[in-house]
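Q: Please read through the structure below; I'll follow up with questions.
2 protein chains.
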Amino acid sequence: MRGKRVTSLEVALKAGVSQSTVSRAFSGDERLSQSTRERVLEVARKLGYRPNAIARSLITQRTQIIGIVASYMTNPFFPLVLQAFTQTLHELGWRVLLFTAGTNEDVDDLLPEVLAYQVDGLIIVTATLSSRMAKEVRRRGIPVVLFNRYVPESGASAVSCDNLNGGRMVADLLLDAGHTRLAYIAGREDTSTNQDRRRGFLERLAERGIEHCQQEHGHFTYEGGFAAAMRLLESHNPPEALFCANDIAALGALDAARKLGVRVPQDLSVVGFDDIPMAAWSAYNLTTLRQPREQMIAASVRLLMERIENPGLPGVLEFIPGTLIERQTVRAHGR
Amino acid sequence: MRGKRVTSLEVALKAGVSQSTVSRAFSGDERLSQSTRERVLEVARKLGYRPNAIARSLITQRTQIIGIVASYMTNPFFPLVLQAFTQTLHELGWRVLLFTAGTNEDVDDLLPEVLAYQVDGLIIVTATLSSRMAKEVRRRGIPVVLFNRYVPESGASAVSCDNLNGGRMVADLLLDAGHTRLAYIAGREDTSTNQDRRRGFLERLAERGIEHCQQEHGHFTYEGGFAAAMRLLESHNPPEALFCANDIAALGALDAARKLGVRVPQDLSVVGFDDIPMAAWSAYNLTTLRQPREQMIAASVRLLMERIENPGLPGVLEFIPGTLIERQTVRAHGR
DNA sequence: CTGAAAGCGCTTACAG
DNA sequence: CTGAAAGCGCTTACAG
Chain A
0 MRGKRVTSLE VALKAGVSQS TVSRAFSGDE RLSQSTRERV LEVARKLGYR PNAIARSLIT
60 QRTQIIGIVA SYMTNPFFPL VLQAFTQTLH ELGWRVLLFT AGTNEDVDDL LPEVLAYQVD
120 GLIIVTATLS SRMAKEVRRR GIPVVLFNRY VPESGASAVS CDNLNGGRMV ADLLLDAGHT
180 RLAYIAGRED TSTNQDRRRG FLERLAERGI EHCQQEHGHF TYEGGFAAAM RLLESHNPPE
240 ALFCANDIAA LGALDAARKL GVRVPQDLSV VGFDDIPMAA WSAYNLTTLR QPREQMIAAS
300 VRLLMERIEN PGLPGVLEFI PGTLIERQTV RAHGR
Chain B
0 MRGKRVTSLE VALKAGVSQS TVSRAFSGDE RLSQSTRERV LEVARKLGYR PNAIARSLIT
60 QRTQIIGIVA SYMTNPFFPL VLQAFTQTLH ELGWRVLLFT AGTNEDVDDL LPEVLAYQVD
120 GLIIVTATLS SRMAKEVRRR GIPVVLFNRY VPESGASAVS CDNLNGGRMV ADLLLDAGHT
180 RLAYIAGRED TSTNQDRRRG FLERLAERGI EHCQQEHGHF TYEGGFAAAM RLLESHNPPE
240 ALFCANDIAA LGALDAARKL GVRVPQDLSV VGFDDIPMAA WSAYNLTTLR QPREQMIAAS
300 VRLLMERIEN PGLPGVLEFI PGTLIERQTV RAHGR
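Heads up: the sequence lines are chains A and B, in that order.
According to numbering that gives the first Met the number 0, the residues represented by the first sequence are 0 to 334, in order.
According to numbering that gives the first Met the number 0, the residues represented by the second sequence are 0 to 334, in order.
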């Protein structure tokens with residue numbers, strides 16, 4: 000068996016008070032006399048007692064646990080997000096039960112286990128919520144925030160970078176630089192991030208008279224970006240500018256250009272999306288659209304907390320604008 | 000209030016059985032008749048019932064939760080480790096309560112909260128355990144595994160790469176290449192990883208007649224490695240070969256060399272430690288010592304599980320040898 | 001200011 | 001094969 004667990008009853012016996020009083024000493028009940036509280040806490044300290052959060056959860060109907068379901072840890076953006084979430088939640092007195100999913104189907108399998116632990120709220124990072132699970136979660140009244148995804152009909156709140164407008168900003172940047180032969184290196188097709196970034200980009204190109212844009216799949220990965228750029232740059236009609244669906248693919252594209260002896264930005268402009276730390280490394284100096292990570296996390300936590308306090312609130316979608324970070328991978332104005 | 004919670008009692012009432020029977024249907028009790036079980040599960044399904052893991056934990060004295068305390072998520076090695084841990088633990092039926100710590104002092108503050116949730120075991124990644132907390136955890140009989148750290152007196156088990164011998168292998172590699180002017184770019188001084196890698200490196204250099212080795216602090220970061228390499232390469236007596244305490248610092252060193260026009264490996268050899276995915280990127284092609292990540296994780300989980308099953312087992316230290324991965328950043332044999 | 005008691009939602013001997 | 005009952009370790013009305 001495990002080491003002895005000290006309970007409130009033992010503390011009560013030793014301190015000569017009732018078990019209720021021990022509980023009150025730890026819950027900060029105002030009514031308790033100073034002297035009683037001190038005596039209880041002193042005895043508790045000596046015995047190494049700490050209230051059992053599991054027992055507390057059962058009676059209070061609150062676990063103070065937030066479930067986080069995350070995937071794609073291979074993109075450096077997400078470890079940063081995960082760390083920021085856990086840090087922020089801890090500071091607010093919450094715990095994090097972590098689940099990682101390889102694919103979206105896995106999320107459905109994971110969710111029942113998350114729910115079995117009676118999480119007070121749920122954050123889903125870079126994974127989506129099936130309508131079946133959305134319904135299940137609603138029925139239980141558990142607030143959900145999707146991070147970097149949205150599922151409008153689900154009732155779940157969502158926080159995302161304004162990817163649509165981000166794509167438009169990149170289009171303007173590349174057109175202003177005088178480029179006309181453009182390509183988009185796409186991410187996964189089933190993601191709103193990829194779809195919205197591309198749609199904004201293509202829409203703005205069309206508005207400014209560019210109807211044609213090549214496309215290759217980059218899969219949101221370094222290897223995918225590398226291979227996609229290789230295909231484009233070795234084709235008959237190589238583009239002068241690449242917009243990559245995320246930074247990690249853009250780094251792959253830059254390395255492909257380097258390998259082929261294509262100079263950036265003289266012969267080729269490259270733009271990413273995210274602004275991961277590596278984008279600023281001197282080997283890359285990637286021009287990119289920065290996702291407002293801190294704001295997105297703060298908004299997610301705020302929406303979640305509001306809905307835990309007030310389960311009647313409807314889900315909302317929040318889109319936070321990104322910022323263009325101009326480094327060295329887009330050629331200067333004009334030509 | 001939250002959505003209605005369905006309990007085993009409601010299922011029992013609707014199914015015309017006792018609450019005990021509902022419990023047995025879900026715990027897979029062999030004695031239950033096929034027909035009763037099916038009826039109960041069917042009613043449960045209709046009602047959307049799932050056993051409350053918190054209530055179960057209270058009575059079974061097992062939460063099936065492993066606490067993971069992690070820090071340094073800025074080193075890409077650790078998100079990979081974290082993901083692998085959660086994945087492996089899930090497959091074995093465990094949940095992960097995640098805590099992130101900025102510094103080692105924070106771990107001490109975090110631990111009481113982890114313990115309040117009655118975790119069945121504890122994994123501490125890249126953070127250390129104070130002797131006070133080690134004692135506390137022992138008293139409670141909670142098995143602990145330190146990953147990539149060890150604290151011999153603590154009673155905690157630890158799994159680490161064989162950093163000492165890794166350092167020796169790097170020394171041999173660089174000496175075999177004919178280098179004599181060497182430098183070590185150190186990581187954090189309070190870590191056994193940094194200490195052991197350096198000690199192995201210096202010991203082996205001394206054994207082979209090289210008594211002198213420059214040192215600079217690289218802080219285990221890209222920026223630190225970059226700055227350290229800058230200082231070394233711009234000094235009066237620049238080294239011909241750098242051993243960096245981890246890969247991310249080595250990438251910084253490579254970019255510093257690139258910036259100064261120092262050619263790698265012609266003018267400078269660079270070796271890292273970890274083998275993070277970026278080390279294989281074509282922009283770097285870093286020669287490095289690969290940590291046996293999968294084996295280290297499997298060993299950690301195994302040690303933890305054994306000690307959860309059998310709390311009497313003493314803590315053990317396991318050192319798993321790394322593998323030299325020769326890419327393009329060390330000059331060829333001879334000179 | 002403090003205590004006795006009920007109850008959160010389960011599991012599991014103990015009976016039958 | 002199934003049920004009644006005790007109990008895990010707390011919180012919190014309800015009394016006094």
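Note that CB positions come from ideal geometry on N, CA and C, so glycine has one too.
Could one say the Cβ of LYS258(A) lies closer than 8 Å to chain B's Cβ atoms, at least one of them?
A: LYS258(A) counts as touching chain B.
Q: Can you name the start and end residues of the alpha helix (DSSP H) that GLN265(A) belongs to?
A: Element bounds for GLN265(A): n/a, residue is neither H nor E.
Q: Report yes or no: do three or more beta-carbon pairs, one from the segment 177-184 of chain B and one from the segment 147-155 of chain B, lie closer than 8 Å?
A: Flag = no, the segment 177-184 of chain B and the segment 147-155 of chain B do not touch.
Q: Which residue marks the beginning of the alpha helix (DSSP H) containing GLN86(B), and which one marks its end?
A: Residues 76-90.
Q: Please decide whether VAL270(A) counts as near chain B, where near means a Cβ-Cβ distance under 8 Å.
A: VAL270(A) does not count as touching chain B.
Q: DSSP on GLN290(A), reduced to helix/strand/coil?
A: Three-state result, GLN290(A): coil.
Q: Should the segment 32-49 of chain A be called in touch with the segment 4-15 of chain A, which here means at least 3 C-beta pairs below 8 Å?
A: Yes, the segment 32-49 of chain A is in contact with the segment 4-15 of chain A.
Q: Out of ALA278(B), GLY311(B) and PHE318(B), which one is the CA nearest neighbour of ILE296(B)?
A: ILE296(B) has its Cα closest to that of PHE318(B), out of ALA278(B), GLY311(B) and PHE318(B).
Q: Please classify TYR116(A): does DSSP put it in a helix, a strand, or coil?
A: Correct three-state label for TYR116(A): coil.
Q: What span of residues does the alpha helix (DSSP H) with ALA228(B) cover, start to end?
A: That run of the alpha helix (DSSP H) goes 221-232.
Q: What residue range is occupied by the uninterrupted alpha helix (DSSP H) comprising ILE58(A)?
A: Segment 52-59, the alpha helix (DSSP H) holding ILE58(A).
Q: Just the chain B side, please: which residues come within less than 9 Å of TYR221(A) by C-beta, in chain order?
A: Simply PRO276, MET277 and TRP280.
Q: Any idea what DSSP makes of SER348(A), helix, strand or coil?
A: Chain A is shown only over 0 to 334; residue 348(A) falls outside these bounds and no answer can be derived.
Q: Quick one: give me the first and last residue of the beta strand (DSSP E) that LEU181(A) is part of.
A: That run of the beta strand (DSSP E) goes 181-185.
Q: Between VAL80(A) and VAL42(A), what straight-line distance do the alpha-carbon atoms span, to the nearest angstrom?
A: The alpha-carbon atoms of VAL80(A) and VAL42(A) are separated by roughly 41 Å.
Q: With 8 Å as the C-beta to C-beta threshold (strictly closer), list the residues of the segment 133-152 of chain B near chain A in chain order.
A: The residues in question are GLU135, ARG137, ARG138, ARG139, GLY140 and ILE141.
Q: Alpha carbon to alpha carbon, what distance is there between GLY321(A) and ASP274(A)?
A: Answer to the nearest angstrom: the Cα atoms are 10 Å apart.
Q: Using a Cβ-Cβ distance cut-off of 8 Å, determine whether LEU57(B) contacts chain A.
A: With 8 Å as the cut-off, LEU57(B) counts as an interface residue toward chain A.
Q: Could you round the C-beta distance between TYR221(B) and ILE247(B) to whole angstroms and report it? I think they count as a contact, below 8 Å.
A: That belief holds up - the Cβ atoms of TYR221(B) and ILE247(B) are roughly 5 Å apart, short of 8 Å.
Q: So, under 8 Å CB-CB, SER70(B) and ALA133(B) are touching, yes? Tell me the CB distance rounded to an integer number of Å.
A: That belief does not hold up - the Cβ atoms of SER70(B) and ALA133(B) are roughly 17 Å apart, past 8 Å.
Q: Which residues in the same chain have their Cβ closer than 6 Å to the Cβ of ALA228(A), if we skip the five residues on either side of it in sequence?
A: The answer, listed in chain order, is ALA252 and ALA255.
Q: Give me the residue from GLY314(B), VAL158(B) and ARG23(B) with the minimum Cα distance to LEU40(B).
A: Checked all of GLY314(B), VAL158(B) and ARG23(B); the closest Cα to LEU40(B) is ARG23(B).
Q: At least one CB of chain A closer than 8 Å to the CB of ILE209(B): is that the case?
A: It does not; no Cβ of chain A falls within 8 Å.
Q: My guess is that ILE307(B) and PRO142(B) are in contact by the Cβ rule of under 8 Å, so how many angstroms apart are they, rounded?
A: Indeed they touch by this definition, with Cβ atoms about 6 Å apart.
Q: If you draw a straight line from the alpha carbon of ARG1(A) to that of PRO310(B), how long is it in whole angstroms?
A: With a pLDDT of only 46 at ARG1(A), under 50, the local geometry of the prediction cannot be trusted, and no value is derived from it.
Q: Name, in chain order, the residues that DSSP records as bridge partners for LEU316(A).
A: DSSP output for LEU316(A) lists ALA157(A) as bridge partner(s).
Q: Do the CB positions of ALA249(B) and GLU215(B) come within less than 8 Å of each other?
A: Cβ distance not < 8 Å, so ALA249(B) and GLU215(B) don't count as in contact.
Q: With a threshold of 8 Å on Cβ separation, who are the neighbours of ALA244(A) within its own chain once the five nearest residues in sequence on each side are excluded?
A: Same-chain partners within the cutoff: TYR183, ILE184, ALA185, GLY186, THR192, ASN193, ARG196, ARG197, GLY217, PHE219 and PHE272.
Q: Compute the Euclidean distance between the alpha carbons of MET313(B) and VAL158(B), then round it to the nearest angstrom.
A: In the sequence on display, residue 313(B) carries Pro and not Met. Rounded to the nearest angstrom, the two C-alpha atoms are 14 Å apart.
Q: Between GLY314(A) and chain B, is there a C-beta pair that is closer than 8 Å?
A: Not an interface residue.
Q: I want to see whether chain A comes within less than 8 Å of ASP107(B), judged by CB atoms only; does it?
A: Chain A contact via Cβ: absent.
Q: Just to confirm, are GLU239(A) and SER268(A) a CB contact at a threshold of 8 Å?
A: The answer is yes: Cβ separation under 8 Å.
Q: How would you list, in chain order, the residues of chain A whose beta-carbon sits under 8 Å from the beta-carbon of ASP254(B)?
A: What ASP254(B) touches in chain A: TRP280, SER281 and ALA282.
Q: What's the gap between the Cα of PRO111(B) and the Cα of VAL10(B)?
A: Taking the straight line from one Cα to the other gives about 37 Å.
Q: Within 10 angstroms of its Cβ, does SER56(A) collect 16 or more other Cβ (buried), or is it exposed?
A: By the neighbour-count rule (16 or more Cβ atoms within 10 Å), SER56(A) is buried.
Q: From the DSSP output, in three-state form, read off VAL16(A) for me.
A: VAL16(A): coil per DSSP, three-state reduction.
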